[in-house]
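K.L.:
Here the numbering used here runs 3 ahead of the position in the sequence shown, where the first position is 1. I'd like to ask you about the structure that follows.
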Amino acid sequence: MFLTSAILKNRRKIFVSNLLIFFIILMMYLIPQFRILPFYNYLQILFYGIWFITALMLYPKYFQENRLQIILIGIYSIYMLTSSLLTDNFSMFKRFFGLVFFLLLYIVYHFYKTNMAYMIRRFAIVALGLIPIFNCISIVFVLRFPYIIRNVFDEGSKYYQYLKFGVVGYDYIFSLIIIVPILVYSIFGEYNFSERIRHLLWLNLISSLLLILLSGYSLSILILFAGVLMISLVRKFNSRHLKQYLYLGILLLLLLPLLIWILSFALSDTAYASKIEILMNFMKTGKISGAILDARILAYGKSLSTIIRYPLSGLIFHEKIVLVSVADGLGRVGQHSSLLDSGAVFGLPMLALLMYNIFYPIRVMYIKAQSNQNLASLILGIGGMLFLVLLLNNDIPVLSFAVYFGLGNSILLSKKAGYTPLKREKSRNIS
């Protein structure tokens, strides 16, 4: 009774503290320089903990209504921690805890969408204002150092010093490819944005696409292309359009040798040069090979074979896990797939729980959006892109709001979204 009275008395202070903590969490994802801070991951845990306490004080009913999702995320996190500690494999817990951060941010986003939708609009504008800044900074540096994004997080690399200037890392790139379809939907959707917001959306889209192309990650481009194709096919699926896509595919296949030949000259001094060489060799010999590609295929095979050998418990209870670098040969875990590696280390039951936690919210959003074919296809496409990022790559999108918070950019920035007007909602939630 006394605690309830104290919460009611200090509700505004708790409300402001909660928003401040959310803003800090968002900035830690957005601003690259935060990575330089000592104990970066532990600071994130601390801020999430404080946020959880203040959110629980403000809206306990929210956590009661969503307790299943929270419990399942808790089970996954606790299992990872205890199994890693009991087997002296704490490095595994640190290795996969980024996935937990990803899941936690869904709870944060959904909390505000449910209780304070107008705040998501405001934070979305902040995010849209910051992303082009770091995109442009990174573009300037990557034009001079083509491999800087691949190595900027390595403390032993000569490129690490550029992190303080705001150069982004590889995980940021795989977040941008998920943001791009959201930006396109926002720009060309049926929303009456102000000119300022529309210019901001265009700036985000152009700078993001340019950085993705210059970063040298061919996998990110392939996933982006697959996502756009998926969204387009779902949105306009009928026999007439299917024939058009089929004819276009045949034309691209016929022109493929010419396109590869042109790309080999245009990209000869870029980070894509080795990938083009693999394609050129394939055109000549019919065989696909190359150090980078061979290492990736070997990595997937290592993780799959470990899953087959230890399907239920994973490797963690059977032997000490040592992650060997690709240069020295891969260990029992491939280190090239967040999903496959998670299954190899913790077993298929934990992998199933992880995938449920990640994709259940996307399924819910898709079901709710089925009356709007464009939005439904966008959500389904983003879900597919997210699956490909986690399956084919070891990099977890640090801008997790690209899926949950970012989806709100296209809907919640618009006053046509159907939410209560700002002043009325604000007074209702704080009181």
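Just so it is clear, CB atoms sit at the ideal spot from N, CA and C, and this is done for glycine as well.
With a Cβ-Cβ cutoff of 8 angstroms, do G337 and L315 count as a contact?
P.N.:
Position 334 of the sequence shown, counting from 1, holds the residue named residue 337. Position 312 of the sequence shown, counting from 1, holds the residue named residue 315. No.
K.L.:
Buried or exposed, going by whether 16 or more other CB atoms sit within 10 Å of the CB of A330?
P.N.:
Looking up residue 330 in the sequence shown gives position 327. At A330, the pLDDT of 49 sits below 50, so the modelled position is not reliable; the number obtained from the coordinates is stated separately. Per the 10 Å Cβ criterion, exposed.
K.L.:
When the Cα atoms are used, what is the spatial distance from R14 to L61?
P.N.:
Start at 1 with the first residue of the sequence shown, and residue 14 comes out as number 11. Start at 1 with the first residue of the sequence shown, and residue 61 comes out as number 58. Their backbone Cα atoms lie some 7 angstroms apart in a straight line.
K.L.:
Measure the alpha-carbon distance for M83 versus D344 and round it to whole angstroms.
P.N.:
Position 80 of the sequence shown, counting from 1, holds the residue named residue 83. Position 341 of the sequence shown, counting from 1, holds the residue named residue 344. Looking at the two C-alpha atoms, the distance is approximately 13 angstroms.
K.L.:
Compare the Cα-Cα distances from L222 to each of E198, D174, V187 and report the closest residue.
P.N.:
Mapped onto the sequence shown, residue 222 falls at position 219. Out of E198, D174, V187, D174 has the C-alpha closest to the C-alpha of L222.
K.L.:
Leaving out five residues on either side along the sequence, give the residues of the same chain with a beta carbon under 8 angstroms from the beta carbon of M353.
P.N.:
By 1-based counting over the sequence shown, the position of residue 353 is 350. Y79, Y82, M83, G317, S345, G346.
K.L.:
Would DSSP call L22 helix, strand or coil?
P.N.:
One-based indexing of the sequence shown puts residue 22 at position 19. Helix.
K.L.:
Expressed to the nearest angstrom, what Euclidean distance is found between the alpha-carbon atoms of S197 and I176?
P.N.:
Residue 197 sits at position 194 when you count from the first residue of the sequence shown. Residue 176 sits at position 173 when you count from the first residue of the sequence shown. When rounded, the distance between both Cα atoms is 28 angstroms.
K.L.:
For H202, which residues of its own chain have a beta-carbon under 7 angstroms away from its beta-carbon, when the five flanking residues on both sides are left out?
P.N.:
For the purposes of this step, residue 202 is taken as residue 199 along the sequence shown, with counting starting at 1. Taken in chain order, the list of residues that qualify is empty.
K.L.:
Drop a sphere of 10 angstroms on the beta-carbon of V103, count the other beta-carbons inside from all chains shown, and report buried for 16 or more, exposed for fewer.
P.N.:
Position 100 of the sequence shown, counting from 1, holds the residue named residue 103. It is buried - the Cβ of V103 has at least 16 other Cβ atoms within 10 Å.
K.L.:
Taking 8 angstroms as the threshold (C-beta atoms), are F42 and I28 in contact?
P.N.:
For the purposes of this step, residue 28 is taken as the residue at position 25 of the sequence shown. For the purposes of this step, residue 42 is taken as the residue at position 39 of the sequence shown. No, the Cβ-Cβ distance between I28 and F42 is not below 8 angstroms.
K.L.:
Check R147 in the structure and name its three-state DSSP category.
P.N.:
Taking the first residue of the sequence shown as 1, we reach residue 147 at position 144. Helix.
K.L.:
Hey, how far is the Cα of F191 from the Cα of I182?
P.N.:
As a first step, residue 191 is located in the sequence shown; it is residue number 188 there, counting from the start. As a first step, residue 182 is located in the sequence shown; it is residue number 179 there, counting from the start. If I take the Cα positions, the gap works out to 14 angstroms.
K.L.:
Taking only the alpha-carbon atoms, compute the straight-line gap between I365 and H321 and give it to the nearest angstrom.
P.N.:
The residue given as residue 365 occupies position 362 in the sequence shown. The residue given as residue 321 occupies position 318 in the sequence shown. When rounded, the distance between both Cα atoms is 35 angstroms.
K.L.:
Just mark L131 as buried or exposed, buried being the case when its beta carbon has 16 or more other beta carbons within 10 Å.
P.N.:
On the sequence shown, residue 131 is found 128 positions in, with the first residue counted as 1. So L131 counts as buried.
K.L.:
Could you have a look at T90 and say whether DSSP puts it in helix, strand or coil?
P.N.:
The sequence position of residue 90 within the sequence shown is 87, counting from 1. Coil.
K.L.:
Run through DSSP, which three-state label would D157 get?
P.N.:
Locating residue 157 in the sequence shown gives position 154, where the first residue counts as 1. Looking at D157 - three-state DSSP - the assignment turns out to be coil, as it is neither helix nor strand.
K.L.:
Between I39 and K161, which are expected to be in contact by the criterion C-beta below 8 angstroms, what is the C-beta distance as a whole number of angstroms?
P.N.:
As a position in the sequence shown, residue 39 is number 36, starting the count at 1. As a position in the sequence shown, residue 161 is number 158, starting the count at 1. In fact, because the Cβ distance is near 16 angstroms, the residues do not count as touching under 8 angstroms.
K.L.:
Give the range of the alpha helix (DSSP H) segment to which M358 is assigned.
P.N.:
Position 355 of the sequence shown, counted from the first residue, corresponds to residue 358. Here the alpha helix (DSSP H) through M358 covers 351-371.
K.L.:
Can you tell me whether DSSP reads I399 as helix, strand or coil?
P.N.:
In the sequence shown, the residue the question calls residue 399 occupies position 396. Three-state result, I399: coil.
K.L.:
Am I right that I226 and L391 are in contact with their C-beta atoms under 8 angstroms? What's the rounded C-beta distance?
P.N.:
Taking the first residue of the sequence shown as position 1, residue 226 is located at position 223. Taking the first residue of the sequence shown as position 1, residue 391 is located at position 388. Yes, I226 and L391 are in contact; Cβ-Cβ is about 5 angstroms, under 8 angstroms.
K.L.:
Should the region 88-99 be called in touch with the region 53-69, which here means at least 3 C-beta pairs below 8 angstroms?
P.N.:
Not touching, per the Cβ criterion.
K.L.:
Please name the residue in I74, L23, L217, L208 whose C-alpha comes closest to that of R125.
P.N.:
The count along the sequence shown starts at 1 and reaches residue 125 at position 122. The option with the nearest alpha carbon to R125 is L23.
K.L.:
Please specify which runs of the alpha helix (DSSP H), each continuous and at least 4 residues long, are wholly inside the region 89-118, giving them in chain order.
P.N.:
Entirely contained in the region 89-118, the alpha helix (DSSP H) runs reaching 4 residues are, in chain order, 93-118.
K.L.:
For I53, which residues of its own chain have a beta-carbon under 7 angstroms away from its beta-carbon, when the five flanking residues on both sides are left out?
P.N.:
Sequence index remark: in the sequence shown, residue 53 carries index 50 (1-based). Counting only Cβ-Cβ distances below 7 angstroms, and skipping sequence neighbours, we find I24.
K.L.:
I'd like to know whether the C-beta atoms of Y369 and I382 end up nearer to each other than 8 angstroms.
P.N.:
For this step, residue 369 is matched to residue 366 along the sequence shown. For this step, residue 382 is matched to residue 379 along the sequence shown. Yes. Within cutoff.
K.L.:
Check this for me: beta carbons of L476 and L133, under 8 angstroms apart or not?
P.N.:
Because the chain spans 4 through 434 in this model, residue 476 falls outside it and cannot be assessed.
K.L.:
Identify which residue in G101, S218, I56, L108 has its Cα closest to the Cα of C139.
P.N.:
Counting from 1 along the sequence shown, the entry for residue 139 is found at position 136. The option with the nearest alpha carbon to C139 is S218.
K.L.:
With S218 as the anchor, note down where its alpha helix (DSSP H) starts and where it stops.
P.N.:
Mapped onto the sequence shown, residue 218 falls at position 215. 198-218 is the span of the alpha helix (DSSP H), which, as asked, contains S218.
K.L.:
Assuming P184 is part of the alpha helix (DSSP H), what are its boundary residues?
P.N.:
Counted from its first residue, the sequence shown places residue 184 at position 181. Counting along the chain, the alpha helix (DSSP H) containing P184 begins and ends at 173-191.
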